[in-house]
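First up is the structure itself, then whatever we jot down about it.
Protein chains: 2
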Amino acid sequence: MPKLKGTKEKILETALNLFAQSGYAATSIRDISRRVGIRESAVYNHFKSKEEIFLSIIDKYRFLDLNEKILSDELLEELTTPQRFLITFSNKLIDLWDKPEEKKFMRLLLMEQFSRISGREISVNGLLSELRTLCGMILGEMVKHGIIKKIDPEILADEFIAPLFLIRAEFMVTDESSISEVKKLVEQHVNFFWNAVRL
Amino acid sequence: MPKLKGTKEKILETALNLFAQSGYAATSIRDISRRVGIRESAVYNHFKSKEEIFLSIIDKYRFLDLNEKILSDELLEELTTPQRFLITFSNKLIDLWDKPEEKKFMRLLLMEQFSRISGREISVNGLLSELRTLCGMILGEMVKHGIIKKIDPEILADEFIAPLFLIRAEFMVTDESSISEVKKLVEQHVNFFWNAVRL
DNA sequence: GTCTATACCCTGATAGAC
DNA sequence: GTCTATCAGGGTATAGAC
């Protein structure tokens, strides 16, 4: 990783900012180049079209690597106290979603998920499926070890994730994140969920 | 209600179709006028700008009138069997959301919620808040009558709605609605929810 | 790699005849 | 209310000098 951001990198970064702010169609190459500090035409040395910029962004941020970013050893130790584990897990997820880059990317996805730019499917489901898999695994293990009720892990995962996601999405409209309020809602949800599944 | 749709009405209808399909910015007045079958300039006899068309659409579809559209006498009779009531209620909601106009409007909202066209806030929260209030009332009554556990009705409403909404939103990306699959997921959710709150 | 210059099309919007 | 005609501005993208 070079320390000085090349122009290409700068274009991607700027484009993400503008796309996430105003949407793909409403953002022009002119806007992007102006902010980067180069001419419109110079952009075309790095990307052959506006669409290619968009697709590069998608490819760059598509993978969250949740396991790596959330499942620390420290967190796994809390598995002995499942309710606390779920709260810590959720908060870590909220923090991850609150990171500027992830936030912008999520906004972009939410905005453009129906646009089908260049036929490629831009789905929020994709972003959620990784999380769904991870939660399904964790909750499935809890079922197996008799920590929680015997319920289909996929259902458990959906019930656990859906409110979390909606809480996050709702607070994304206003940009003042008020993360503490979010975390209060998250904790309420986890408590409800825990009472629903505990034995 | 006039039988023959006036041009103004036709513009609104066409604009909703195109906005919901490609987004506000990507849809031009030309696209709209072409589909309506008039010249671009003729549009300006009815709306002074593209923005005004958008805002008219928002105003037209903003109110769902959930109480009226969902709470029938027949449904209320099922209150004696709460679990069945919740399933019927959810299915009615899904059917409502599946109506072409509501579906398109919801798509449009999901796409443009971050755009802040003309400074007006276009939030999905607004669409959900009416539902939240209704569910809060119903579930609050259930709590009061000792049918379900004593839990804050607002929390109950959120826990009930979030998965429903996410299920609906996910199936909105692909236009083949496969409503039966949706309803299966809905039923799973309601069963989970019911087991979480029953006494 | 970036610049200037430019091609060429589409945009929202207006003026004025019918 | 709809039309033709027209506008200025902005859109993506390319050519060629430096």
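Listed in order, the protein sequences are those of chains A and B. Once you know that position 127 of the first sequence is 127 in the working numbering, the rest is easy, because the numbers rise by one and skip nothing. Once you know that position 160 of the second sequence is 1160 in the working numbering, the rest is easy, because the numbers rise by one and skip nothing. All C-beta atoms, glycine included, are put in the ideal place defined by N, C-alpha and C. Since this is a predicted model, take the numbers as computed values, not measurements.
- Chain A has a Cβ within less than 8 Å of the Cβ of N1125(B).
- Taking 8 Å as the cut-off, the beta carbon of G23(A) is found no closer than this to the beta carbon of A1169(B).
- Rounded to whole angstroms, the separation of the alpha carbons of K1104(B) and F1085(B) is 28 Å.
- Against chain A, the CB of M1106(B) has no partner CB under 8 Å away; the residue lies outside that interface.
- At least 8 Å separates the beta-carbon of L12(A) from that of L1166(B).
- Against chain A, a Cβ distance below 8 Å from G1119(B) picks out nothing, because the smallest value is about 13 Å.
- In the DSSP assignment, I1148(B) is bridged to R1198(B).
- Cβ contact annotation for F47(A) (same chain, cutoff 6 Å, sequence separation greater than five): I53, in chain order.
- Separation of T1007(B) and M1106(B) (C-alpha to C-alpha, rounded to the nearest whole angstrom) is 24 Å.
- Note on geometry: alpha-carbon atoms of T14(A) and G1136(B) lie some 43 Å from one another.
- In this structure, E154(A) lies away from F193(A), with their beta-carbon atoms at least 8 Å apart.
- In this structure L1076(B) is exposed. Its beta-carbon is surrounded by fewer than 16 other beta-carbon atoms within 10 angstroms.
- Rounded to the nearest whole angstrom, the C-alpha separation of D1152(B) and A1196(B) is 14 Å.
- Between the C-alpha atoms of K1060(B) and E1102(B) there is a straight-line separation of about 11 Å.
- The contact set of H189(A) on chain B, defined by CB atoms closer than 9 Å, consists of I1155, D1158, E1159, A1162 in chain order.
- Not one beta carbon of chain A lies nearer than 8 Å to the beta carbon of G1136(B).
- In the three-state reduction of the DSSP assignment, K1184(B) falls in the helix class.
- Taking all protein chains in view, the Cβ of T1080(B) is surrounded by fewer than 16 other Cβ atoms within 10 Å, so the residue is classified as exposed.
- Nearest CB-CB separation between E1013(B) and chain A: not below the 8 Å threshold.
- By the CB criterion at 8 Å, S1118(B) and L1055(B) fall inside the cutoff.
- The C-beta distance from L1164(B) to S1090(B) rounds to 6 Å, short enough to fall under 8 Å.
- At a cut-off of 8 Å between C-beta atoms, A1196(B) counts as an interface residue with respect to chain A.
- Judged by beta-carbon spacing, N1067(B) lies beyond the 8 Å limit of L1109(B), meaning their Cβ atoms are not closer than that value.
- Taking C-beta atoms as the reference points, L64(A) and E130(A) count as a pair closer than 8 Å.
- Taking I1087(B) as the centre and dropping the five residues before and after it, the same chain places the C-beta of E1187, V1190 closer than 7 Å to its C-beta, in chain order.
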